[in-house]
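In terms of UniProt numbering, the sequence shown opens at residue 1 and continues consecutively. First the structure, in the form of structure tokens, and then the observations on it.
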Amino acid sequence: MRLLIVNPNTTASMTAAIGAAAHAVARPTTEVVAVNPVHGPASIENYEDETRCLPGLLAEVRRAEAMSNSPDAYVIACFGDPGLEEVRATVDVPVLGIAQAAMHAAALSAGSFSVVTSMSATVPTAWELAKTYTPRQCLGVHASDIPVLQIDSDPTTIEPIGDLCEKALAQDGSRAIVLGCAAMAKFAAPLTERLGVPVVDGVVAATLLAEALVTLRNVNG
1 MRLLIVNPNT TASMTAAIGA AAHAVARPTT EVVAVNPVHG PASIENYEDE
51 TRCLPGLLAE VRRAEAMSNS PDAYVIACFG DPGLEEVRAT VDVPVLGIAQ
101 AAMHAAALSA GSFSVVTSMS ATVPTAWELA KTYTPRQCLG VHASDIPVLQ
151 IDSDPTTIEP IGDLCEKALA QDGSRAIVLG CAAMAKFAAP LTERLGVPVV
201 DGVVAATLLA EALVTLRNVN G
């Protein structure tokens, strides 16, 4: 299968990291392609950024659909799941947002979870998505107030993010952490080891779920 992961911002280093996280867990037979728009916000940290990224995101989808080997599934690699319904209305294959994938995975694997995200401006959107996707399982949303591009470029940000995860688990009484930013993908494994609970990254969750949905589609087809 061919999986197209669209990072809706324009930062190529983040796109490369997202693609690497997906490739690390994908099946050997899955072709993982990660792309980003040329025009749009360099990072997505609030509702305005989500709105600004939509034209570029949808252009990447239209470009992929026009190819002879169009994707078997899409992943939108931004935790606000921008454009999710618009892309689903455009294509006839599975489309996953990393927030939806991560929240469902955490709810299924642990029963309850807390979200640790980047900027405070993203907290209302994260809560709105949690109430839509997993109405009872999300027990808290916590912002590190570390900008997305700093998370992407500075590996030492794992320390304050890990500290916030510990605080969230204790405060909320939750049993898992959902990382609320695609730039945090590289932190999932070390934080799982540090915290002793599942730390779910949406890029990984969406990759695995996309493979499962394509398989299910082929079985039923």
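By construction, the Cβ of each residue, glycine as well, lies at the ideal position given by its N, Cα and C atoms. Since this is a predicted model, take the numbers as computed values, not measurements.
### Query
How many angstroms separate the CA atom of GLU86 from the CA atom of ALA34?
Mapped onto the sequence shown, residue 86 falls at position 86. Mapped onto the sequence shown, residue 34 falls at position 34. Those two C-alpha atoms are separated by around 19 Å.
### Query
What is the DSSP secondary structure of GLY97, counted as helix, strand or coil?
Mapped onto the sequence shown, residue 97 falls at position 97. Strand at GLY97.
#### Entry: ASP72 burial status per 10 Å Cβ neighbour count (16 or more: buried)
Counted from its first residue, the sequence shown places residue 72 at position 72. Result: buried.
### Query
So the beta strand (DSSP E) ILE151 belongs to, where does it begin and stop?
The sequence position of residue 151 within the sequence shown is 151, counting from 1. Not the beta strand (DSSP E): ILE151 falls in the alpha helix (DSSP H), residues 148 to 153.
### Query
In the DSSP assignment, what residue or residues form a beta bridge with ILE5?
The residue given as residue 5 occupies position 5 in the sequence shown. The partner list for ILE5 (beta bridge, DSSP) reads ALA34 and VAL75.
### Query
In terms of DSSP beta bridges, what is CYS138 paired with?
Locating residue 138 in the sequence shown gives position 138, where the first residue counts as 1. The partner list for CYS138 (beta bridge, DSSP) reads PHE113.
### Task
Quickly, what does DSSP pair LEU179 with across the bridge? List them, please.
Along the sequence shown, read from residue 1 onward, the residue named residue 179 stands at position 179. DSSP, once it has assigned bridges, lists VAL116 and ASP201 as partnering LEU179.
### Task
Starting from the C-beta of TRP127, find all residues in its chain whose C-beta is less than 8 Å away, skip the five residues before and the five after it, and write them out in chain order.
Your numbering for residue 127 matches position 127 in the sequence shown. Within the same chain, TRP127 has close Cβ partners CYS138 and VAL141.
### Query
Under 8 Å between the Cβ atoms of ALA210 and PRO94?
The residue you call residue 210 lines up with position 210 of the sequence shown. The residue you call residue 94 lines up with position 94 of the sequence shown. Contact: yes.
### Message
Counting only C-beta atoms, is GLN100 closer than 8 Å to chain C at any point?
### Response
You won't find chain C in this structure, because it holds only one protein chain.
#### Entry: Neighbourhood of ALA102 by C-beta distance below 6 Å, restricted to the same chain and skipping five residues each side
If you number the sequence shown from 1, residue 102 lands on position 102. The answer, listed in chain order, is VAL178, VAL200, GLY202 and ALA205.
### 7 Å CB neighbourhood of ALA77 in its chain, flanking five on each side removed
The sequence position of residue 77 within the sequence shown is 77, counting from 1. Excluding residues within five positions, the ones whose Cβ falls inside 7 Å are ILE5, VAL6, ASN7, ILE18, ILE98, ALA182 and VAL203.
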